[in-house]
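Participant: Below is one structure. I have some questions about it.
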Amino acid sequence: MTEKIYEENISGVKISGILIDLTILDMVDSFLGRLISNIAQSAATMNANTVIVGIRPAVAITLVEMGLKLKGAYTALNVEHAIEILDELKAESEEIVE
Amino acid sequence: MNNQGFFKKYVIDIEFDIIKIRQVVRKISKVMQFDIVAQTKLVTAVSELARNVFDYVGKGEVIVEEAEDSFKRGLKITVIDKGPGIPDIDLAMSDGFSTKKGLGKGLSGTKKLMDEFSIQSEVGKGTEVVIVKWVT
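Listed in order, the protein sequences are those of chains A and B.
The first sequence begins at 0 in numbering that gives the first Met the number 0 and counts up one residue at a time.
The second sequence begins at 0 in numbering that gives the first Met the number 0 and counts up one residue at a time.
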């Protein structure tokens, strides 16, 4: 998946935001946590932001107690909220460019 | 459903076995009436340990059984491999330790999720991790 993000950016489709929905996951271990972080961080190097939605309460509690951080990714309550965040971040980075 | 004294053994051989073991632990912990957070912690812990075995050794075993003492009952999970062993357990258990693959939270994080945690390892012979969570 990380490779796909790279490819699509390189081939000219400008991706400014990535939204990952984790609703389906009933657990996130350090393996999955690293995968998500890697996607977010490689996207960030290409000026794309990553927002995660749909983390279940039990999963969030487990992540915090383990001390796992999903570095590089923003979190949102729902898809609507996530798109708002992505729009804001995009606007901010465009301001900087101008 | 009477689950008393159950004892089940699963093999870790291919990556899909990790998913299978996760599903088994989810199902058993549900039947034992662990709350949803405890279920998630158990599934995460077993996933973490099974992933370690798969990544660093390739093959191993997971034993899922009922734990009991006079006051409480719980779930005991033993993860065994016959791999190279861990030379320095204290180092491997320390927060932030990572060989390269993970976030360095695997073993220390697993311990934080469980009520009981013990690890035994002998270089050249293998590693055995036992975790217990009590129903509250």
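For each residue, glycine too, the CB sits at the ideal point set by N, CA and C.
1) Label Glu-47/B either buried or exposed according to how many other C-beta atoms from any shown protein chain fall within 10 Å of its C-beta, with 16 as the threshold for buried.
2) By the three-class DSSP mapping on this structure, what secondary structure does Val-134/B have?
3) As a quick exercise: from Gly-108/B, Ile-35/B, Pro-86/B and Thr-43/B, pick the residue whose alpha carbon is nearest that of Asp-94/B.
4) Pull up the distance between the alpha-carbon of Gly-4/B and that of Gln-38/B, whole angstroms please.
5) Assess, as a yes-or-no matter, whether the segment 119–128 of chain B is touched by the segment 62–79 of chain B under the definition of 3 or more beta carbon pairs within less than 8 Å.
6) Between Gly-108/B and chain A, is the shortest Cβ-Cβ distance under 7 Å, so that the two count as touching?
7) When you compare only the Cα positions, how much space is there between Ser-15/A and Leu-31/A?
8) Name the residues in the segment 116–127 of chain B whose C-beta lies less than 9 Å from a C-beta of chain A; which are they?
9) Going by other Cβ atoms of all chains shown within 10 Å of its Cβ, with 16 needed for buried, is Leu-102/B buried or exposed?
10) Within 7 Å (strictly less), CB to CB, does Ile-20/B reach chain A?
11) Taking contact to mean 3 or more Cβ pairs, one atom from each stretch, closer than 8 Å, check whether the segment 21–36 of chain A and the segment 64–80 of chain A are in contact.
12) Please classify Asn-77/A as buried or exposed, where buried requires at least 16 neighbouring CB atoms within 10 angstroms.
13) Determine the closest residue to Val-129/B out of Asp-87/B, Glu-65/B and Val-30/B, with distance taken between C-alpha atoms.
14) Specify the secondary structure class of Leu-102/B as computed by DSSP and reduced to three states.
Facilitator: Reading it off the structure:
1) buried
2) coil
3) Gly-108/B
4) 19 Å
5) yes
6) yes
7) 23 Å
8) none
9) Confidence in Leu-102/B is poor, its pLDDT being 48 and thus under 50, which makes the residue's placement unreliable; the coordinate value appears in the next sentence. Per the 10 Å Cβ criterion, buried.
10) no
11) yes
12) exposed
13) Glu-65/B
14) Confidence in Leu-102/B is poor, its pLDDT being 48 and thus under 50, which makes the residue's placement too unreliable to answer from.
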